[in-house]
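Reminder that position 347 of the sequence shown reads as 347 in full-length UniProt numbering, one-by-one numbering, no gaps.
Built from N, CA and C at the ideal position, the CB exists for glycine as well.
These notes are about the structure you will find just below.
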Amino acid sequence: MATDEPEGGVEEYKVEMETDESEGSDEEYIRPKWDSKFQYLLSCAGFVVGLGNVWRFPYLCQTYGGGVFLIPYLIAFVLGAIPVFFLELAVGQCLKKGCIRLWWHISPYLGGLGYTSLIVSFLVILYYNMLLALVIWYLINSFRNPLPWSSCPTDISKPELIEECQKSTPTNYFWYRYTLNISTDIENSGPLQWWLVLCLAACWLLVFICTVRGIESTGKAIYFTATFPYLILTLFLIYGLTLPGAVHGLLYFMTPNLKKLNNPRAWLDAATQIFSSLSLGFGGHIAYASYNPSRNDCEMDAVMIAAINSVTSLFASIPIFSILGFKATMAYEECLERNVKYITKAFRNDNITVDSSAFWLSYLNGTDINNLASLNLANCDRQKFLDQSVSGTGLAFILFTEIVLKMPGSNTWAILFFLMLFSLGVSTMFGFVQSILTPLTESRIVSRYICKEAVCGLICLTAFLLGLVFTLRSGNYWLEMFDAFAGTMPLLVIAFFEVIGVVYIYGMKRFSADVEEMTGRPLKGYWKATWQFFSPAIMFLIFVFYVLLEPPATYNTWNPNYVHFPAKESKKYPILAAVISEMLETVPCLMIPFGAIYQLWRIVLKKKLLRKIHPDSSTGITSST
Numbered sequence: 001m002a003t004d005e006p007e008g009g010v011e012e013y014k015v016e017m018e019t020d021e022s023e024g025s026d027e028e029y030i031r032p033k034w035d036s037k038f039q040y041l042l043s044c045a046g047f048v049v050g051l052g053n054v055w056r057f058p059y060l061c062q063t064y065g066g067g068v069f070l071i072p073y074l075i076a077f078v079l080g081a082i083p084v085f086f087l088e089l090a091v092g093q094c095l096k097k098g099c100i101r102l103w104w105h106i107s108p109y110l111g112g113l114g115y116t117s118l119i120v121s122f123l124v125i126l127y128y129n130m131l132l133a134l135v136i137w138y139l140i141n142s143f144r145n146p147l148p149w150s151s152c153p154t155d156i157s158k159p160e161l162i163e164e165c166q167k168s169t170p171t172n173y174f175w176y177r178y179t180l181n182i183s184t185d186i187e188n189s190g191p192l193q194w195w196l197v198l199c200l201a202a203c204w205l206l207v208f209i210c211t212v213r214g215i216e217s218t219g220k221a222i223y224f225t226a227t228f229p230y231l232i233l234t235l236f237l238i239y240g241l242t243l244p245g246a247v248h249g250l251l252y253f254m255t256p257n258l259k260k261l262n263n264p265r266a267w268l269d270a271a272t273q274i275f276s277s278l279s280l281g282f283g284g285h286i287a288y289a290s291y292n293p294s295r296n297d298c299e300m301d302a303v304m305i306a307a308i309n310s311v312t313s314l315f316a317s318i319p320i321f322s323i324l325g326f327k328a329t330m331a332y333e334e335c336l337e338r339n340v341k342y343i344t345k346a347f348r349n350d351n352i353t354v355d356s357s358a359f360w361l362s363y364l365n366g367t368d369i370n371n372l373a374s375l376n377l378a379n380c381d382r383q384k385f386l387d388q389s390v391s392g393t394g395l396a397f398i399l400f401t402e403i404v405l406k407m408p409g410s411n412t413w414a415i416l417f418f419l420m421l422f423s424l425g426v427s428t429m430f431g432f433v434q435s436i437l438t439p440l441t442e443s444r445i446v447s448r449y450i451c452k453e454a455v456c457g458l459i460c461l462t463a464f465l466l467g468l469v470f471t472l473r474s475g476n477y478w479l480e481m482f483d484a485f486a487g488t489m490p491l492l493v494i495a496f497f498e499v500i501g502v503v504y505i506y507g508m509k510r511f512s513a514d515v516e517e518m519t520g521r522p523l524k525g526y527w528k529a530t531w532q533f534f535s536p537a538i539m540f541l542i543f544v545f546y547v548l549l550e551p552p553a554t555y556n557t558w559n560p561n562y563v564h565f566p567a568k569e570s571k572k573y574p575i576l577a578a579v580i581s582e583m584l585e586t587v588p589c590l591m592i593p594f595g596a597i598y599q600l601w602r603i604v605l606k607k608k609l610l611r612k613i614h615p616d617s618s619t620g621i622t623s624s625t
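Listed below in structure tokens is the structure:
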């Protein structure tokens, strides 16, 4: 670990000369440093705080009993996620290497672990930037007045509203047909959708500009992308609390349902949510921390950033549930109004003109109870509307776009919402790209022949070309597959072997000494206990439950022939798609054993070579070999 850095203030974050001692290299190179501690903290916060804080955490709270979901969430946070997060920051800052060289340095048998992180990061950026492209598309359309998803368009061939839109809703039609032009199944790919291709190209161009010089350019952009979402969330919080019915949504969020704790899926989703939310296993935190001075307090950084991430999830849930309460109240009142109109029409001969559902129901109950039963009125239950949960793209591009139509100044709120989503997503993208860029630029083969700017350009161009599959008519089905399989179980496997590698191979005593040297104080027993026992045990249990509870490989298709929305039909993945989904989970993880086998094969070959050169030698390989 480096010990020759100046102490004090911002000067610690200036560019310094280091010696690359790995793999027998004696070359000196300039390793960039963060301009300031604040820039580093913002970059880490921008990496961990992403779309999942806004459109997945509130959904999980809604699904698993409101506030009671925080119980398994906090247990996984304290015993599993934050120790792994601190470990990644500490080992990156200590060894000052990207994920590939770092794990190779700890043990050549762990060399494949870095490649696993690299592959998973690349798979995730393929679809993650497509989400940002969809956000850009909605942002562009948010400037149209009226909003294009506010009403059904007219059929060109006949002066009627398009039937598919009438069968569903204008917001669903705009999403499934106007935006995605989605096919009926994953096998019917269709052509590229040019508007999505342009949006995707714009996203990758922006990411390239902001990451082309590594942290030197990313650190400048992060000042805006990491702070702007909090401004918008605050505006939504203030406005959401003033909406009629907001209190019902907040009570729904805060009222615990202890029965939900009996569901093992709640514990599994809580653990996977906090692990994925902290972006563990991608190698981005290792890369970011490697640019820190050696005596930076990485322990305090880990606690602070992890706390910011979880508090942001809770903070974002308040305006989200306020708006959901508003939507449920509007749906409840509209349901009552429809019942009133239906009753008025059914008993139009009565000389009663009071337009009140409560009055009508009282009147009908007072005359003949059979009259009420015969009308088959809708069941107007506010709780039922609150229970209608939706996550991910459904929350952003369907539910919110429907809610915003009922809000005064709908264009303004739509623009602010999608600007917020884009800022959240693009700052996370910086971390993903840095997870790939750092280990590649540190490679002797790559750095010797290709400059860093060209490497970044190749990453972005390759990802753009491969990401074109998501702009096909079947692209959203592929996107959902990548989201479900690429960034879930492999990250858990990576985090497990990271803890094993540092604690049981690098050595707990040795690592504790390194952390004490970096932070200036002894390592707390809490960290040692979690690293040695609790974190590996929790990750192993999550892996077991993930395998046992994993649902069959199915996906929902858009079927415009259904009479009522949601016009979705569940289908099994065809053989090719099912194989690809399994490969997304297993192929990255196979790099870990393959790396160990490769290293063992190298050792065997070296031993055979030595025996040929020195047939009488029995000493085998020395440490200098």
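For the set F77, L472 and T63, the Cα lying nearest the Cα of T272 is the one of F77. Shown here, N145 sits in coil according to DSSP, grouped into three states, outside any helix or strand.
Comparing alpha-carbon positions, the option among L278, I505 and A577 lying closest to T488 turns out to be L278. The segment 230 to 245 and the segment 409 to 426 touch, with three or more beta-carbon pairs separated by less than 8 Å. Scanning P293, F533 and V247 for the CA closest to the CA of I320 turns up V247. About 15 Å separates the beta carbon of F275 from that of S121, a gap too long to meet the 8 Å contact definition. Judged by DSSP secondary structure, W558 falls within the beta strand (DSSP E) whose first and last residues are T554 to W558.
Shown here, S322 sits in a helix according to DSSP, grouped into three states. The Cβ atoms of S570 and N559 lie no closer than 7 Å to each other. Secondary structure at L241: helix, using DSSP grouped into helix, strand and coil. At the C-beta level, A396 and A226 stay beyond 7 Å of one another.
Looking at the backbone, the Cα of L118 and that of L437 are separated by about 9 Å.
Nearest in C-alpha terms to L110, of all of Y504, K167, N379 and T554, is Y504. Sequence-distant partners of I140 (beyond 5 residues in either direction) whose C-beta falls short of 6 Å from its own C-beta are missing from its chain. For R265, the secondary structure class from DSSP, reduced to helix, strand or coil, is helix. Look at the beta carbons and you see the segment 90 to 107 touching the segment 287 to 307: at least three pairs across the two are nearer than 8 Å. Per the C-alpha coordinates, the member of A133, V587 and L280 positioned closest to F485 is V587. Of all alpha-carbon atoms in G114, S294, A133 and F228, the one lying nearest the alpha-carbon of A495 is that of G114.
Taking 7 Å as the cut-off, the beta carbon of A90 is found closer than this to the beta carbon of C298. K33 counts as buried, since no fewer than 16 other beta carbons sit within 10 angstroms of its beta carbon. In the DSSP annotation of this structure, the continuous segment of the alpha helix (DSSP H) that includes I494 starts and ends at M489 to I500. Distance between P439 and G457, taken at the CA atoms: about 15 Å. Between the alpha carbons of I398 and L205 lies a distance of about 27 Å. Note on geometry: alpha-carbon atoms of S142 and A414 lie some 6 Å from one another. For G467 against F253, the beta-carbon gap comes to about 35 Å, at or over 8 Å, which does not count as contact. For E569, DSSP records a beta bridge to T557. Of G80, C199, R31 and G50, the smallest CA-CA separation from K96 is found for R31.
If you look at V547, you'll find it in the alpha helix (DSSP H) that goes S535 to L549. Just so you know, the alpha carbons of L131 and D483 end up roughly 10 Å apart. Under the three-state reduction of DSSP, L126 is assigned to helix. Residues L110, L113 and I592 of the same chain have their beta carbon placed closer than 8 Å to that of F497, with the five preceding and five following residues left out of the count. The segment 188 to 208 and the segment 570 to 580 do not touch, with fewer than 3 CB-CB distances between them shorter than 8 Å. For W267, the CB contacts under 6 Å within the same chain, skipping 5 residues up- and downstream, are P72 in chain order.
7 Å or more divides the Cβ of R295 from the Cβ of M481. Linking V49 to I238 through their CA atoms gives a straight-line distance of about 21 Å. C-alpha of V604 to C-alpha of K612: approximately 13 Å in a straight line.
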